[in-house]
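Heads up, the thing below is written out as structure tokens.
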Amino acid sequence: MDKKSLLSETDKTIDNIEVVMKIERKEHLRPFINDLEHLKAKFINNEIKNNPLRGFARRYAEIYNDYLNPITDVLDRMEKAVDSYLEREV
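Following our numbering, the residues of the sequence shown are numbered contiguously, the last one being 90.
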């Protein structure tokens, strides 16, 4: 995955989280968005060396005890996208 695609995927993930926050009233997801914004800054500045999103979907599932919510797939996909980017860059 290239940088442009990864930034696009990050924006999509942020949008998905914001939708869940609004519809399901899950305000505890704000740190997830903050993590993604911080990650975007690292991508832009070429400072990403490891995947800070390890266990991203699991964090959501543990907070809400909701392992079947579709947002877990979105979070998992984002984590894998970062892994793919890092493998390509190494």
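All residues carry an ideal CB built from backbone N, CA and C; glycine is no exception.
Query, Result
"Same chain only: Cβ atoms within 7 Å of V20, ignoring 5 sequence neighbours per side", "K26, L29, I71"
"Segments assigned alpha helix (DSSP H), at least 4 residues, entirely inside the stretch 14-68", "30-44, 56-64"
"For D11, the three-state DSSP class (helix, strand or coil)", "helix"
"Expected contact under 8 Å - CB spacing of L39 and I14 to nearest Å", "With 8 Å as the limit, L39 and I14 do not qualify as a contact, their Cβ atoms being about 10 Å apart."
"Limits of the alpha helix (DSSP H) - the one that D76 falls within", "71-89"
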